[in-house]
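In our numbering, the protein residues as written are -19 to 324.
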């Protein structure tokens, strides 16, 4: 009996680790077991699922009956996309695999499913990673081609400056202006190279509070910007690379500060929602027009005269590499909120 209990507990723990939803039904379709992920996807606690007939979750009965017919006749697993009812009367498209276990009245049917919205999100992130890798290789090649001539030009201008020590002040000022522009070009090339060599995160368990507080100590906002930090009590640990997340925070906070033309506020907040640690960076700046929001995370897209368009693309990639999501919400003339979601 003790061995049986331990076996059941082990199975329960395994179910809790599944990212896919799982429902086990009797031969007549009554739900006898659920996983935490199933309850999350269907937005319904186990007490609201167990004892119900799974057909009640399928508004298009014919699709489910077709699946059941095939699985009953053949013990092979069958995979189909199917619409299910979720909480509050919502409908969701899920990708469902059904497998029969056992025979006759004692048979059980195991339903494993995943929200198709999550699948599309994964595909989009994979495509984004591939695009960024291609752009990164291109940026690296361009940066290397530009860096050598820039170094040569800079050296020759410095030599020319030495030769013109006795020349007019205007001539020397022009040379210094050229050197400043060369320094700026070198900085841009450096950013391109950094983007092309994006490192794989070294993830370890840690608290985001430590990263935020460490960043806040060193950040010096403009005098017109009130920089605030509002952390939740007892924030949970997550898998993180503190160096990369600090870089992401710096990009978001600096963007927020630059969006404020007069007096304003930039605030970092943390929270826990569902299965995610939430980091919000809010500003009271000019906001972002809808047509720009659509291109906000594209590499090299920028509305700043001195910008490279790599800051937000890099920030999004950092959050993606943490298996998280980066969202933006903005209202013109009222401000912008960037929300990073990191899985617990």
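We put the beta carbon where it would ideally sit given N, CA and C, even for glycine.
> Just checking my contact of residue 21 with residue 91 at CB under 8 Å: how many whole Å lie between their CB atoms?
Replying inline: By one-based count along the chain shown, residue 21 stands at place 41. By one-based count along the chain shown, residue 91 stands at place 111. About 11 Å; that fails the 8 Å criterion.
> On the three-state DSSP scale, how would you describe residue -9?
Replying inline: Residue mapping note: residue -9 aligns to position 11 of the chain shown, counting from 1. Caution applies to residue -9, whose pLDDT of 49 falls short of 50 and renders its modelled position unreliable; the value that the coordinates give is listed next. In the three-state scheme derived from DSSP, where H, G and I count as helix and E and B as strand, residue -9 is classed as helix.
> Pick from 193, 84, 130 and 192: whose alpha carbon is nearest that of residue 167?
Replying inline: Locating residue 167 in the chain shown gives position 187, where the first residue counts as 1. Ranking 193, 84, 130 and 192 by Cα distance to residue 167 puts 130 first.
> Under 8 Å from any heavy atom of the ligand ATP, does the C-beta of residue 294 make it?
Replying inline: The ligand ATP is not part of the structure shown, which contains no ligands of any sort.
> If we count Cβ pairs, one from each stretch, closer than 8 Å, do we get three or more for the segment 186 to 196 versus the segment 154 to 163?
Replying inline: Remark: fewer than three beta-carbon pairs, one from each stretch, lie closer than 8 Å, so the segment 186 to 196 and the segment 154 to 163 are not flagged as touching.
> Out of curiosity, what's the CA-to-CA distance linking residue 233 and residue 216?
Replying inline: Taking the first residue of the chain shown as position 1, residue 233 is located at position 253. Taking the first residue of the chain shown as position 1, residue 216 is located at position 236. Cα to Cα, the separation comes out at about 23 Å.
> Do three or more CB pairs link the segment 290 to 301 to the segment 239 to 258 at distances below 8 Å?
Replying inline: The answer is no - the segment 239 to 258 does not touch the segment 290 to 301, with fewer than three Cβ pairs under 8 Å.
> Hey, residue 313 and residue 239 are a contact pair by Cβ (cut 8 Å); roughly how many whole angstroms apart?
Replying inline: For the purposes of this step, residue 313 is taken as the residue at position 333 of the chain shown. For the purposes of this step, residue 239 is taken as the residue at position 259 of the chain shown. Contact between residue 313 and residue 239 does not hold, since their C-beta atoms are separated by about 11 Å, which reaches or exceeds 8 Å.
>> Is it buried or exposed, residue 154, if we count other Cβ atoms within 10 angstroms and call 16 or more buried?
In response: Translated into positions along the chain shown, residue 154 becomes position 174. Under this definition residue 154 is an exposed residue.
> Can you tell me whether residue 54 is buried or exposed, with buried defined as 16 or more other CB within 10 angstroms of its CB?
Replying inline: For the purposes of this step, residue 54 is identified with residue 74 of the chain shown, where counting begins at 1. When all chains shown are included, residue 54 counts as exposed.
> For residue 20, which three-state DSSP category applies?
Replying inline: The sequence position of residue 20 within the chain shown is 40, counting from 1. In this structure, residue 20 counts as helix in the three-state DSSP scheme.
> Where does residue 322 land, buried or exposed, given buried means 16+ other C-beta within 10 angstroms?
Replying inline: By 1-based counting over the chain shown, the position of residue 322 is 342. It counts as buried.
> Tell me, which residues are paired with residue 93 by DSSP?
Replying inline: The sequence position of residue 93 within the chain shown is 113, counting from 1. Beta-bridge partners of residue 93 (DSSP): 1 and 76.
> How about residue 186 and residue 218: are their beta carbons less than 9 Å apart?
Replying inline: To locate residue 186, count along the chain shown from 1; it is residue 206. To locate residue 218, count along the chain shown from 1; it is residue 238. Going by C-beta atoms, residue 186 is nearer than 9 Å to residue 218.
> By DSSP, does residue 186 sit in helix, in strand, or in coil?
Replying inline: Translated into the one-based positions of the chain shown, residue 186 becomes position 206. Residue 186: strand per DSSP, three-state reduction.
>> With DSSP as the reference, identify every bridge partner of residue 208, one or two as the case may be.
In response: For the purposes of this step, residue 208 is identified with residue 228 of the chain shown, where counting begins at 1. The partner list for residue 208 (beta bridge, DSSP) reads 247.
> With residue 307 and residue 231 assumed to form a contact (beta carbons below 8 Å), what rounded beta-carbon distance in angstroms separates them?
Replying inline: Mapped onto the chain shown, residue 307 falls at position 327. Mapped onto the chain shown, residue 231 falls at position 251. Not quite, the Cβ-Cβ distance comes to about 15 Å (not below 8 Å), so this is no contact.
>> For residue 135 and residue 142, I'd like the C-alpha separation in whole angstroms.
In response: Stepping through the chain shown from its first residue, residue 135 is reached at position 155. Stepping through the chain shown from its first residue, residue 142 is reached at position 162. Roughly 11 Å separates the two Cα atoms.
>> Quick check on residue 15: does DSSP put it in helix, strand or coil?
In response: Against the chain shown, residue 15 aligns to sequence position 35. Coil.
> Taking the continuous beta strand (DSSP E) assigned at residue 63, which residues delimit it?
Replying inline: Taking the chain shown and counting its residues from 1, the one referred to as residue 63 is at position 83. Start and end: 58 to 65.
> What are the residues that DSSP puts in a beta bridge with residue 305?
Replying inline: Here residue 305 refers to the residue found at position 325 of the chain shown. By DSSP's assignment, residue 305 forms a beta bridge with 321.
>> Under DSSP, the beta strand (DSSP E) around residue 262 begins and ends at which residues?
In response: As a first step, residue 262 is located in the chain shown; it is residue number 282 there, counting from the start. Following the DSSP letters along the chain, one finds residue 262 inside the beta strand (DSSP E) bounded by residues 256 to 263.
> So, helix, strand or coil for residue 228, using DSSP?
Replying inline: Here residue 228 refers to the residue found at position 248 when the chain shown is read from its first residue. Assignment of residue 228 by DSSP, reduced to helix, strand and coil, places it in the helix class.
> Taking the alpha-carbon positions, what's the residue -12 to residue 16 distance?
Replying inline: Counting from one through the chain shown, the residue named residue -12 turns up at place 8. Counting from one through the chain shown, the residue named residue 16 turns up at place 36. Reliability of the predicted coordinates at residue -12 is poor, the pLDDT of 45 falling under 50, and the value obtained from them is presented with this limitation in mind. Annotation: residue -12 to residue 16 spans about 16 Å, alpha carbon to alpha carbon.
> What are the start and end residues of the beta strand (DSSP E) that includes residue 271?
Replying inline: Translated into positions along the chain shown, residue 271 becomes position 291. According to the DSSP assignment, residue 271 belongs to no beta strand (DSSP E) but to the alpha helix (DSSP H) extending over 270 to 273.
> Are residue 317 and residue 275 close, meaning C-beta to C-beta below 9 Å?
Replying inline: For the purposes of this step, residue 317 is taken as residue 337 along the chain shown, with counting starting at 1. For the purposes of this step, residue 275 is taken as residue 295 along the chain shown, with counting starting at 1. Contact flag unset, no.
>> Using the three-state DSSP reduction, which class does residue 143 fall into: helix, strand or coil?
In response: Translated into the one-based positions of the chain shown, residue 143 becomes position 163. Reduced to three states, the DSSP call for residue 143 is helix.
> In or out: residue 255 buried (at least 16 other Cβ within 10 Å) or exposed?
Replying inline: For the purposes of this step, residue 255 is taken as the residue at position 275 of the chain shown. It counts as exposed.
> Under a three-way DSSP split, which group does residue -15 fall into?
Replying inline: In the chain shown, residue -15 corresponds to position 5, counting from 1. Per-residue confidence for residue -15 stands at a pLDDT of 45, beneath the threshold of 50, marking its modelled position as unreliable; no derived number is given.
> What did DSSP end up calling residue 131 once you bin it into helix, strand or coil?
Replying inline: For the purposes of this step, residue 131 is taken as the residue at position 151 of the chain shown. It is helical.
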